[in-house]
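FYI, in full-length UniProt numbering the residues of the sequence shown are 1 to 253.
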Amino acid sequence: MALITETYLRAQLIKGLANPFPVTEGDKLTPAAADFLKERGIPLLRVAPVPSGPSSMQFIPVGVSNRHVHLAPDHIEALFGKGYKLTPLRELSQKGQFAARETVTLKGPHGSLSNVRILGPSRGVTQVEISRTDGFELGVHPPIRLSGDLAGTPGITLVGTVGTVVLSQGLIIAKNHVHASPDEAQSMRLNHGDHILLQAMGERPLIFADVIVRVSPKYSLDFHIDRDEANAAHVSTGDTVQIIHKNAEGRLR
């Protein structure tokens, strides 16, 4: 339980006041604090408290994902030559995944983006992930989807060193999500498919709503967002976000 005063809220303005402003059960606002929020058009977000204690992890590291491509084996060969294998450049946060030295150029109806990184290893289906800002540059408007949910998505043209691949679908803006191993998920009392609400901890304490939890033994704890989202919240890879509540227990009012 916390007593939220106007003085406290004014101090938070220096870092950036959350909008909507989250309050948990038992928190009390002074009349002056309530008026302060009302005058600025900031609603309250009633959230359920996350269980605390030594075994409860409430913070998740951020992984900012720039535009990138996952390629099917036949498309690797079409772009770089028969029998070609991707060359690992550096490991990624998720086990067994790597950024490759190879890049491609994306070509859309009204523009192109060069040096777009390929992530390995190869996948069964080619998928291209960009930000909304990238979409403006290319002249395309892909939907926000979880990885692998490609039905009805737009296509894009990929240009490699020896060939070109024209996708009929597979272009998305990746929906933000949390990866966690079973042990990590258990320590936070989360399950695969949970919807959680996270808040950035820096100068712009932006709230990320409806974040999907994905649990697998091959995953490591990470909150994946794109470059647009990271810039809006003023966060970088390695920063942390805090779990505020889960499974839509909070509500705006």
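By construction, the Cβ of each residue, glycine as well, lies at the ideal position given by its N, Cα and C atoms.
N231, enclosing alpha helix (DSSP H) - first and last residue: Residues 227-233.
Could you give the C-beta distance for L86 and G120, rounded to a whole number, given that I count them as a contact under 8 Å? Taking 8 Å as the upper bound for CB-CB distance, L86 and G120 are in contact here, some 4 Å apart.
Rounded to the nearest angstrom, how far is the Cβ of A18 from that of I207, given a contact under 8 Å? Confirmed, about 6 Å.
For my contact list, A185 and V213 are in at a C-beta cut-off of 8 Å; report their separation, rounded to the angstrom. Their Cβ separation, rounded to whole angstroms, is 7 Å, which keeps A185 and V213 in contact under 8 Å.
Thinking just about the alpha-carbon of each residue, which of V125, E229, I196 is nearest to the one in V47? In this structure, I196 is the residue among V125, E229, I196 with its C-alpha nearest to the C-alpha of V47.
Does the beta-carbon distance from I156 to G108 come in below 8 Å? At a Cβ-Cβ threshold of 8 Å, I156 and G108 count as neighbours.
T133 by DSSP, collapsed to three states: which one? Note: T133 maps to helix in three-state DSSP.
Contact check, S131 vs R204, beta carbons under 8 Å: With respect to R204, S131 sits apart: the two C-beta atoms are not nearer than 8 Å.
Just reading off the beta strand (DSSP E) that A174 is part of, what are its end residues? Segment 171-174, the beta strand (DSSP E) holding A174.
Answer with buried or exposed for F36, where buried requires no fewer than 16 other C-beta atoms within 10 angstroms of its C-beta. F36 comes out buried.
Where A72 falls: helix, strand or coil (DSSP): DSSP, reduced to helix, strand and coil, places A72 outside both helices and strands of the structure shown, so it counts as coil.
Quick check: what's the CA-CA separation for T237 versus I76? Each residue's CA atom was taken as its position, placing T237 and I76 some 28 Å apart.
Given Q94 as reference, the closest of H234, V235, H224 once Cα atoms are compared: With distances taken between Cα atoms, Q94 lies closest to H224.
If I follow the unbroken alpha helix (DSSP H) through A33, where does it start and stop? Looking at the DSSP string, the run of the alpha helix (DSSP H) that includes A33 is 31-39.
Can you tell me whether T164 is helix, strand or coil according to DSSP? Secondary structure at T164: strand, using DSSP grouped into helix, strand and coil.
Any idea what DSSP makes of E25, helix, strand or coil? In the structure shown, E25 sits in coil (DSSP, three-state: anything other than H, G, I, E or B).
According to DSSP, what are the bridge partners of H195? Beta-bridge pairing links H195 to I212.
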